[in-house]
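Residue 2 is where the sequence shown starts when you use the numbering used here, and the numbers rise one by one after that.
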Amino acid sequence: MTEPQTSLDPADWTGLRALGHRMLDHVIDRLARLRHSKVWQPMPAPIRASFRATLPRTGIGADAAYDEFLRRIAPYASGNTHPRFMGWVQGGGNPVAMLTALLEASLNENCGGRDHAGLAVERQIIAWSAEMLGLPTSTGGLLVTGSSMANFIALLCARRQALGAAVRTHGLGGHRLTGYAQTGVHRCVPGAFDMAGIGSDALRRIPTDAACRIDLGALEAQIIADRATGHTPFLIVATAGTVDVGAIDPLPALADLAARYGLWLHVDAAFAALAALSPRHAGLLTGIERADSVAFDFHKWAQIQYDCGCVLVRAEQLMLDSFAQNAPYLSAAPTSAARGLSGGTPWPCDLGPDLSRSFRALKIWMTLQSYGADALGAVVDQTCAVATHLGALIDATPGLTRLAPVALNIVGFRYDDGGDDLDALNADLVADLQDSGEFVVSSTVIDGKRAIRAAFVNHRTVKADADALVAAILAAATARQRPIPN
Ligand SMILES: *Cc1c(COP(=O)(O)O)cnc(C)c1O
2 MTEPQTSLDP
12 ADWTGLRALG
22 HRMLDHVIDR
32 LARLRHSKVW
42 QPMPAPIRAS
52 FRATLPRTGI
62 GADAAYDEFL
72 RRIAPYASGN
82 THPRFMGWVQ
92 GGGNPVAMLT
102 ALLEASLNEN
112 CGGRDHAGLA
122 VERQIIAWSA
132 EMLGLPTSTG
142 GLLVTGSSMA
152 NFIALLCARR
162 QALGAAVRTH
172 GLGGHRLTGY
182 AQTGVHRCVP
192 GAFDMAGIGS
202 DALRRIPTDA
212 ACRIDLGALE
222 AQIIADRATG
232 HTPFLIVATA
242 GTVDVGAIDP
252 LPALADLAAR
262 YGLWLHVDAA
272 FAALAALSPR
282 HAGLLTGIER
292 ADSVAFDFHK
302 WAQIQYDCGC
312 VLVRAEQLML
322 DSFAQNAPYL
332 SAAPTSAARG
342 LSGGTPWPCD
352 LGPDLSRSFR
362 ALKIWMTLQS
372 YGADALGAVV
382 DQTCAVATHL
392 GALIDATPGL
402 TRLAPVALNI
412 VGFRYDDGGD
422 DLDALNADLV
432 ADLQDSGEFV
442 VSSTVIDGKR
452 AIRAAFVNHR
462 TVKADADALV
472 AAILAAATAR
482 QRPIPN
């Protein structure tokens, strides 16, 4: 009796090679033609319904599966690779990291631990990140899904620092921890307080000044009030680059305050951390080098493909203290005997919650090797220049009102023809643009007003795209019988 053929590899590689070449041509053509395609289009109902199929017991073959991808998936992607995608704060990715996805998959590295190239590359990226932000060489870190996870990990390190080892075995033990952040803090930060068992109410939302930065006087008063009522203040979460308007909290003053009250200073610099690579904008981040921890994303301004966030902790030991578990089936066993593939401590699985981990570092390493860090700094400058250009254009255009200062790369504004339904009208205009396939912008609320929000994060976007956006908004308003009154 012969053994059944169960390997998923082909007996002859010719067909797979040809399919691979077709795929490669497709992805490169797609990028080359991006500007001439729609940003986004909704998935038609029959195609949507086709994703409610039953489990395929028998395969159709890779060629047919690839045809299905081309027909049912690729045309209905969210469009954030496109130069006219300005919604939320999303990166465009880059062609080198795109190809690197194939290299990464070919190695299929598990970066949870052990002694192999994947971890050497990841440690290099962590060291480069610390260097970029001026943090010391003792800094530890991990690549994670995104800043939501990075903020959560940093919070758990701060919690461990505040309450000692007992918090891991006994929980909060009656301590009423309190943390502090500005009202524009990203929603994942209260979410992290919730997940950590501290409760989202324990994150005090401190009001902001006219420039949307945390009010230092109000912050200090709240810390003092909390102490006086038996709470344990333990953490300040500064935001560098608020998601609504791109404001940066006063980091040096927050570092002073944290030192004075013995609090952990964490900086959520999800996208703005990359400003450190721009000589022109790096000064905005002064003080970040004093943080106990920083969260940021490579998948936003750094143009790395999703998903790719980073947490940095000034004292790597605190990550080990917060996450290391003793499991005999994993350990490098008596440390002295940590040899072979089982060596290579500390393992990333002891620095954070994940055991199995992908080789995210490779796409960053290939990108930085290929283009150099200065090229990413230049993208920061370019996207900020487009935002400044759009801000000036809005100020000069009757019917458009800017709702916040352009601090970095985000512009909040709205169409205002004097009507009494401006919130609904602006929400409609955002949806009109998305449906047209010409632009994706998103919306938010600034000072209680529904705003159109254009965030420039994509390296492909130029000033002419901002000009075209203004024209498209005015045209959409006219189409709704709401032209600008003279
Ligand atoms: C995007 C963002 C986050 C969340 O990051 P993810 O990578 O989406 O998890 C957190 N904070 C700020 C300021 C952000 O811009």
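Cβ coordinates follow ideal geometry from the N, Cα and C atoms, glycine included. These figures come from a predicted structure and were not determined experimentally.
Contacting residues, own chain, Cβ-Cβ under 6 Å from residue i (five flanking each side not counted)
{"i": "R206", "result": "T184"}
{"i": "D436", "result": "none"}
{"i": "F457", "result": "T384, V387, A388 and N410"}
{"i": "D322", "result": "R161"}
beta-carbon residue i near ligand 1 non-hydrogen atom, thresh 8 Å
{"i": "A296", "result": "yes"}
{"i": "H171", "result": "no"}
{"i": "S444", "result": "no"}
{"i": "D322", "result": "no"}
{"i": "H267", "result": "no"}
{"i": "K39", "result": "no"}
{"i": "A194", "result": "Correcting the residue identity first, residue 194 is Phe in this sequence and not Ala. No."}
{"i": "C213", "result": "no"}
{"i": "C189", "result": "yes"}
{"i": "A271", "result": "yes"}
{"i": "G353", "result": "no"}
{"i": "M87", "result": "no"}
{"i": "G310", "result": "yes"}
{"i": "V244", "result": "yes"}
{"i": "N152", "result": "yes"}
{"i": "V168", "result": "no"}
N- and C-terminal bounds of the beta strand (DSSP E) containing residue i
{"i": "I199", "result": "Premise fails: I199 is in no beta strand (DSSP E) and is neither H nor E."}
{"i": "S443", "result": "S443 to I447"}
{"i": "A182", "result": "L178 to Q183"}
Contacts around residue i, its chain only, beta-carbon distance under 7 Å, and the 5 residues preceding and following it disregarded
{"i": "H390", "result": "K464 and A467"}
{"i": "M150", "result": "G310"}
{"i": "D195", "result": "S201"}
{"i": "L430", "result": "Y416, I453, I474, A477 and A478"}
{"i": "D308", "result": "T146, G147 and H300"}
{"i": "A118", "result": "none"}
Contacting residues, own chain, Cβ-Cβ under 8 Å from residue i (five flanking each side not counted)
{"i": "A131", "result": "P137, T138, T140, G142 and L313"}
{"i": "N12", "result": "According to the sequence shown, residue 12 is Ala rather than Asn. For A12, where only same-chain residues beyond five positions count, the Cβ hits under 8 Å are Q6."}
{"i": "L35", "result": "T82, H83, P84 and R461"}
{"i": "D396", "result": "R403"}
{"i": "G341", "result": "D116"}
{"i": "A256", "result": "L266, G288, R291 and A292"}
Inter-residue Cα distance where the pair is residue i and residue j
{"i": "G147", "j": "T445", "result": "21 Å"}
{"i": "D30", "j": "W41", "result": "17 Å"}
{"i": "R510", "j": "R451", "result": "Residue 510 lies beyond the residue range present for the chain, which begins at 2 and ends at 487; the question has no answer from this structure."}
{"i": "G16", "j": "A283", "result": "50 Å"}
{"i": "F70", "j": "G449", "result": "42 Å"}
{"i": "L426", "j": "A241", "result": "31 Å"}
{"i": "Y262", "j": "I225", "result": "9 Å"}
{"i": "A296", "j": "H187", "result": "12 Å"}
{"i": "N459", "j": "F86", "result": "8 Å"}
{"i": "V1", "j": "G175", "result": "Residue coverage of the chain in this structure runs from 2 to 487, which leaves residue 1 outside it and unanswerable."}
First and last residue of the uninterrupted alpha helix (DSSP H) at residue i
{"i": "G218", "result": "L217 to A229"}
{"i": "G392", "result": "A374 to D396"}
{"i": "K464", "result": "K464 to A480"}
{"i": "T101", "result": "P96 to L108"}
{"i": "W129", "result": "A118 to L134"}
{"i": "I305", "result": "That residue, I305, is in no alpha helix (DSSP H); it is neither H nor E in DSSP."}
{"i": "H267", "result": "Element bounds for H267: not the alpha helix (DSSP H) but the beta strand (DSSP E), W265 to D269."}
{"i": "P253", "result": "L252 to Y262"}
Distance cut-off 8 Å: residue i Cβ against heavy atoms of ligand 3
{"i": "N459", "result": "You won't find ligand 3 in this model; what it holds is ligand 1."}
Quiz item: Would the segment 92-101 and the segment 40-55 be scored as touching if the rule is three or more Cβ pairs under 8 Å?
Solution: no
Quiz item: Do three or more CB pairs link the segment 266-275 to the segment 292-310 at distances below 8 Å?
Solution: yes
Quiz item: Does the pairing of the segment 214-222 with the segment 156-163 give three or more beta-carbon distances under 8 Å?
Solution: no
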